[in-house]
Amino acid sequence: MNARRRTVLAAGAAGAAALATGCGSSGGDGDGEASSTPTASDGASDGASPGASGGAELARTADIPVGGGTVFKERKVVVTQPEEGEFRAFSAVCTHASCLVSTVSDGTINCPCHGSKYSITDAAVEAGPATRPLPAERITVAGGAIRLG
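Those letters in the sequence shown? Residues 1 to 149, per this note's numbering, in order.
Quick look at the structure:
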């Protein structure tokens, strides 16, 4: 009878592991497809043509609020301006469950899936469940344009 009980417990543990794995990749924008939801970057260049000082234009510097930022879902990038004239860019893919972050407010980049929050200055985790910061993205800022790359 003890052997039978162990089999049931092992099967239950395997099922729980499968359930936990399935939960991590479902819901929100974490399905790998770009969202067509409008962002604050609407009206900025469409980024189709690379510029001389970098890649595709994401936005104009005036489009990124001081102390805040803008999420570019179609590019999976978030650009912040922690202090006037200081621009930072990070991956918009949450390090917890790969959802796309959705907003920037009150000094944090926010993920809607499980509530992770990241600093607009260095993308350090300010609230979990994420444990790793958002990876930095390379941008160039010149002539009022913010370009990816």
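Cβ coordinates follow ideal geometry from the N, Cα and C atoms, glycine included. Fair warning: this is a prediction, and the values are worked out from it, not measured in the lab.
{"Check": "So glutamine 81 and phenylalanine 90 are supposed to be a Cβ contact under 8 Å. How far apart are they, rounded?", "Outcome": "Contact flag wrong, Cβ pair sits at about 13 Å."}
{"Check": "Where does valine 66 land, buried or exposed, given buried means 16+ other C-beta within 10 angstroms?", "Outcome": "exposed"}
{"Check": "Using 10 angstroms around the beta-carbon of threonine 131, count the other beta-carbons present and answer buried if the total reaches 16, otherwise exposed.", "Outcome": "exposed"}
{"Check": "Quick check on the DSSP output: the beta strand (DSSP E) that includes threonine 61 runs from which residue to which?", "Outcome": "Counting along the chain, threonine 61 falls outside any beta strand (DSSP E), and DSSP gives it neither H nor E."}
{"Check": "What is the rounded straight-line gap between the Cα of glycine 149 and the Cα of threonine 140?", "Outcome": "7 Å"}
{"Check": "With DSSP as the reference, label glutamate 86 as helix, strand or coil.", "Outcome": "strand"}
{"Check": "Where does the unbroken beta strand (DSSP E) through leucine 148 begin, and where does it stop?", "Outcome": "145 to 148"}
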